[in-house]
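First up is the structure itself, then whatever we jot down about it.
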Amino acid sequence: MRRPDILNPLFAEVEMLDGVGPKLKKPLDRLGLERVRDVAYHLPERFVTRRLVDNLDEAGEGEQIVVRLTPTEHRSSRNQRGPYRVLAQDAVGNVLALTYFGRASYTAKKQLPVGETRWVAGKLERYGDMLQIVHPDHVLEEGGAGLQRLCEPVYSLAEGLTQPKVASLVAQAITLLPELPEWIEPSQLERAGWPSWSGALKLAHRAENVSARDRLAYDELLANSLALMLVRADNRARKGRALVGDGGLRGKLQLPFPLTGAQQRSIGEIEGDMAQEAPMLRLLQGDVGAGKTVVALEAMLVAVEAGAQAAMLAPTELLARQHFETLRAMARPTGVEIALLTGRDKGRARESILMGLLDGSIDIVVGTHAIFQDSVAYKDLGLIVIDEQHRFGVAQRLMLAKKGRRAPHTLAMTATPIPRTLTLANYGEMDVSRLDELPPGRQAIDTRVVGQDRLVDVVEGIGRHIGGGQQAYWVCPMVREAEGQSDDIAAAEARYAALKERFGDTVVLVHGQLAPEMKDAAMARFASGEAKLLVATTVIEVGVDVPAATLMVIEQAERFGLAQLHQLRGRVGRGSEKSVCLLLRGEQLSETGRARLALMRETQDGFSIAEEDLELRGGGELLGTRQSGDTPFRIADLEQIQRLLPAAHDDARLLVERDGGLSSTRGEAAQILLYLLERDYGVQLLRGG
Ligand code: ADP
Ligand code: MG
7 MRRPDILNPL FAEVEMLDGV GPKLKKPLDR LGLERVRDVA YHLPERFVTR RLVDNLDEAG
67 EGEQIVVRLT PTEHRSSRNQ RGPYRVLAQD AVGNVLALTY FGRASYTAKK QLPVGETRWV
127 AGKLERYGDM LQIVHPDHVL EEGGAGLQRL CEPVYSLAEG LTQPKVASLV AQAITLLPEL
187 PEWIEPSQLE RAGWPSWSGA LKLAHRAENV SARDRLAYDE LLANSLALML VRADNRARKG
247 RALVGDGGLR GKLQLPFPLT GAQQRSIGEI EGDMAQEAPM LRLLQGDVGA GKTVVALEAM
307 LVAVEAGAQA AMLAPTELLA RQHFETLRAM ARPTGVEIAL LTGRDKGRAR ESILMGLLDG
367 SIDIVVGTHA IFQDSVAYKD LGLIVIDEQH RFGVAQRLML AKKGRRAPHT LAMTATPIPR
427 TLTLANYGEM DVSRLDELPP GRQAIDTRVV GQDRLVDVVE GIGRHIGGGQ QAYWVCPMVR
487 EAEGQSDDIA AAEARYAALK ERFGDTVVLV HGQLAPEMKD AAMARFASGE AKLLVATTVI
547 EVGVDVPAAT LMVIEQAERF GLAQLHQLRG RVGRGSEKSV CLLLRGEQLS ETGRARLALM
607 RETQDGFSIA EEDLELRGGG ELLGTRQSGD TPFRIADLEQ IQRLLPAAHD DARLLVERDG
667 GLSSTRGEAA QILLYLLERD YGVQLLRGG
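Just so you know, we're using the numbering used here here: the sequence shown kicks off at 7 and counts up by one.
Written out as structure tokens, the structure reads:
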């Protein structure tokens, strides 16, 4: 099946839009805006409403305003990285600075000649004893058009892009939208009173419009449900094969602990599935630290005992490497050959692993998504394990399932407890095994909320902790990406420098942009116990397992989502020692922020945290802000998922039951939707995999 022609204009590359040259390509790529479709779907994060003021006395700090100003002086900063400032006066002589970072200063030079009056729009702030506007949204000449635009969309940006630039690309993309046949059930559409697809997209860029956003969210949910149902149908139709192990390899394992009842039960369920010809599609859900890795190992050994290979996919290189080490150590007595394959492996090393997978000398491979690239072929892949599965898109999961001559069995694992509604969206109708029992001897993690102003005391506490030979994590705040400002990495680096000054070489740093070798070296020193304090960004959020670490400090904890805090906290409390988690909170804490931290203090049960998280975030969130990496959606937020998913799911089910080949009129419209939204995924499915 080819992509329906009607979608061609939407799949044109962004380069065909006016004003997109090689320079813009990179920032657009970073935002995932490769095609006209992506630009049309780049919905505003929010809308800003500005007030027109005569002079600055009328405006409050933090307010979005439009004001007439006359530049009086341009000042470059002394050091190169500092800001470029244009001083300007309002009608009554108040002075304000227009502040620019980086290349934006060139624009400032052109747009703000001294002595000429300009209309300036932006957010009024105070910097020391000076008023300023950082990177004004608009600078227009006297009499220039567009001043009435007091309500405007605000788009997320990447460095090198500006709001007006994105707005102009969106405006062009919008004019290219074709009229598509309707895929939503007519009665549903009527009941909800939603606009057509193209109408909804246009509206959503123009103003806050619930109806338009709902429709677009519903489209996404419908596409997801349809895709999941098609996979399932496809999976049922594809022949797998029964893998029955004789226990020979598993019998040789010498685990340092007895398995919990929940682990044994899950292994039994998995074994039962694998012994069937129909491919297994099972989710292993277990709270942080419940011991999923060893269950995965047992399952992989079943595959190997039955003469097949197994592959384990991890979301980060850090985690892949750790799994590799853990599994290799545990499986040593079995003599099973385990390899690690990540995007980092190149040349000879990579070739040799690829050979081993092809000729079957490697039994188990652990890696990042590098393990399912086209160039990787297996002799006989029988089982795929996907760790932290919520981190992967549906497309990636599907691609992996296409490996192997016969459909392999799939075991997905997740530590993030997923509220019921999201389970449906993420996993469709997978079978679920639950590890609802933690290994014995675990103690509750003593969680405390501490003001950021007590940083000095906290550092002292760390000193005592590591002085006594114990290990600790220090997680730095999540900083929203903002132009010309520091980001997460900078925060972690600064904290690292300070702590290193205090505690010396025993402090190590890990963040996403470190060279892989440095990351490994730091992790290795920490895992071996040689380093005592690990400073990190959220890269350590999932999976990292160093049981000897017993103190976790999370800075500006209110900036993290609850599920994320739970994951981070789960890095400690993994051994039998008493562990402590300190949540440092900033000074300005919203009502919700307070409630969330209190909840963290009170409970340690991942499932109730997740449900509560959903409640707290509820409908109160700003339009379209995406708080969570836990859903596969770009438009639908949590509230919309809860409200709209059940209908979308039923709608999809009916459609597939009646018309599995999607050949009716509505079926064809649904195909268009799949092509439109499910990216490669829909395409792969329809190609008849
Ligand atoms: P997660 O479910 O978060 O992936 P892991 O598999 O990383 O958890 O296990 C967490 C820790 O618990 C590891 O150090 C692991 O060796 C240990 N562990 C796993 N199962 C048991 C058990 N039955 N008894 C004691 N410790 C266990
Ligand atoms: Mg894990």
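Every residue, glycine too, gets a C-beta built ideally from N, C-alpha and C. Being a predicted model, the structure only gives us computed values, none of them experimental.
Three-way DSSP call (helix, strand, coil) for residue i in this model
i	result
Gly25	coil
Tyr90	strand
Glu191	coil
Ala504	helix
Pro15	helix
Asp463	helix
Ile71	strand
Ala676	helix
Ile276	helix
Pro285	coil
Tyr47	coil
Lys32	helix
Met136	strand
Met318	strand
Arg632	With a pLDDT of 37 at Arg632, under the threshold of 50, the modelled position of that residue is not reliable, and no figure is offered here.
His329	helix
Leu515	strand
Nearest residue (CA-CA) to residue i, options the options
i	options	result
Gly25	Leu557, Val172 and Leu644	Val172
Leu195	Arg575, Glu608, Leu222 and Val513	Leu222
Gly567	Ser367, Thr544 and Gln449	Thr544
Gly518	Leu589, Gln562 and Thr322	Thr322
Trp125	Ala604, Asp511 and Arg56	Arg56
Leu595	Glu147, Gly457, Gln138 and Met136	Gly457
Gln315	Lys385, Asn14 and Leu680	Lys385
His572	Asp135, His329 and Cys587	Cys587
Ala3	His655, Val559 and Arg607	Absent from the model: residue 3. The displayed extent of the chain is 7 to 695, so no value can be given.
Met336	Arg531, Gly475 and Pro262	Pro262
Ala281	Thr348, Leu228 and Pro414	Pro414
Gly579	Leu557, Lys115 and Val516	Leu557
Phe53	Ser585, Arg219 and His211	His211
Ala179	Arg412, Lys584 and Glu21	Glu21
Ala642	Ser217, Glu19 and Val101	Ser217
Thr453	Leu30, Leu668, Arg577 and Gly447	Arg577
Where residue i falls, given that 16 or more other Cβ within 10 Å makes a residue buried
i	result
Gly612	buried
Glu158	buried
Lys298	buried
Glu304	buried
Arg602	buried
Asn230	buried
Tyr161	buried
Asp459	exposed
Asp11	exposed
Ser671	The question names Ser, yet the displayed sequence has Thr at residue 671. Label assigned to Thr671: exposed.
Glu357	exposed
Tyr106	buried
Leu660	exposed
Asn14	exposed
Lys352	exposed
Lys32	exposed
Leu364	exposed
Met361	exposed
Met235	buried
Glu597	exposed
Gln477	buried
Whole-Å CB distance - residue i paired with residue j, under 8 Å assumed
i	j	result
Met419	Ala302	6 Å
Val176	His48	7 Å
Arg238	Pro285	With 8 Å as the limit, Arg238 and Pro285 do not qualify as a contact, their Cβ atoms being about 10 Å apart.
Leu183	Leu209	So it is not a contact: roughly 12 Å between Cβ atoms.
Leu289	Met136	Contact flag wrong, Cβ pair sits at about 56 Å.
Ser326	Gly388	Sequence check: residue 326 is Ala here, not Ser. Between Gly388 and Ala326 the Cβ distance is about 20 Å, and since that is not below 8 Å, they are no contact.
Thr76	Glu147	Actually they do not touch by this definition, with Cβ atoms about 12 Å apart.
Thr332	Pro445	In fact, because the Cβ distance is near 15 Å, the residues do not count as touching under 8 Å.
Ala94	Thr113	Going by Cβ atoms, the distance from Ala94 to Thr113 rounds to 15 Å, so no, they are not a contact pair.
Arg132	Asp96	Going by Cβ atoms, the distance from Arg132 to Asp96 rounds to 15 Å, so no, they are not a contact pair.
Near ligand 4: residue i beta-carbon under 8 Å from a heavy atom
i	result
Gly567	Annotation note on ligand 4: not contained in the displayed structure, which lists ligand 1 and ligand 2 as its ligands.
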